[in-house]
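Colleague: Below is the structure I would like to discuss, written out as structure tokens.
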Amino acid sequence: MQTILGANGVIANNVSKHLTQYTNEIRLVSRNPKKVNETDQLMKADLLNAQQTADAIQGSKVVYLTAGIPYRTATWKTQWPIVMQNVIDGCKQHNAKLVFFSNVYPYGLVEGKMTEETPFNPCSKKGEVRAKIETSLLNEVKKGNLQAQIVRAADFYGPHTPFELFESNGVR
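Taking our numbering, the leading residue of the sequence shown gets 31, the next gets one more, and so forth.
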């Protein structure tokens, strides 16, 4: 079972489409999930609720966290730590691996290349939130409590992103 938490966003839909090359056991989880593939299993859950998150993870080999939270700093500060802790706890409880799709906000302004060794140095409040939740995840990995990785890209990356919509309308 491969479970996508935060189903039906741009990243989640693309991950779901590609996972069919490896499995037909895909669970899409969100407050209002919709099928991407014919065989998708749908599950309603609020990732701010620890029990609903754990229930959504149960039986999963790999969990993909692709959730989006409204793009307001105050909302990020209150909700992201809860979501991340619920997902970490659920993955640990059910021995599931975690793939967290994130952005480059924790790095702040970087001169040169970004690598796995680039230190977090956020220059924004949202970057501080991301650095905090990613540090909590990385600490669990370092302790050996969880197998996880962070997949990182800049905003508006990939097919079917809002940027692609802007570009098609002549906006740059």
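Glycine residues also receive a C-beta, built at the ideal position from the N, C-alpha and C atoms.
The model shown is predicted, which means the values in this text are computed figures rather than measured ones.
State the beta-bridge partners of Thr-33 as determined by DSSP.
Modeller: What you label residue 33 is simply residue 3 of the sequence shown in a count that begins at 1. Answer is Arg-57, Val-93.
Colleague: Determine the direct distance from the alpha carbon of Ile-41 to that of Glu-68, and round the result to whole angstroms.
Modeller: Residue mapping note: residue 68 aligns to position 38 of the sequence shown, counting from 1. Residue mapping note: residue 41 aligns to position 11 of the sequence shown, counting from 1. Their backbone Cα atoms lie some 18 Å apart in a straight line.
Colleague: Does DSSP classify Ala-178 as helix, strand or coil?
Modeller: Walking along the sequence shown from the start, residue 178 turns up at place 148. In this structure, Ala-178 counts as strand in the three-state DSSP scheme.
Colleague: What residues in its chain sit with their C-beta under 6 Å from that of Ser-154, if we drop five residues either side in the sequence?
Modeller: Here residue 154 refers to the residue found at position 124 when the sequence shown is read from its first residue. So the list is empty, once near-sequence residues are dropped.
Colleague: Roughly how many whole angstroms lie between the Cα atoms of Pro-111 and Thr-53?
Modeller: Within the sequence shown, numbered from 1, the residue matching residue 111 stands at position 81. Within the sequence shown, numbered from 1, the residue matching residue 53 stands at position 23. Near 31 Å, if we compare the C-alpha coordinates of Thr-53 and Pro-111.
Colleague: Spatial neighbours of Glu-170 within its chain, please: C-beta separation below 8 Å, excluding the five flanking residues on both sides.
Modeller: On the sequence shown, residue 170 is found 140 positions in, with the first residue counted as 1. Excluding residues within five positions, the ones whose Cβ falls inside 8 Å are Ile-118, Lys-122, Leu-176, Ala-178.
Colleague: Suppose you measure from the CA of Phe-196 to the CA of Val-140; what does that come to, to the nearest Å?
Modeller: Numbered from 1 along the sequence shown, position 166 holds the residue referred to as residue 196. Numbered from 1 along the sequence shown, position 110 holds the residue referred to as residue 140. At Phe-196 the pLDDT is 44, less than 50, meaning the model places this residue with poor confidence and gives no usable figure here.
Colleague: How would you label Thr-105, buried or exposed, when you count the other beta carbons within 10 angstroms and need 16 or more for buried?
Modeller: Looking up residue 105 in the sequence shown gives position 75. Per the 10 Å Cβ criterion, exposed.
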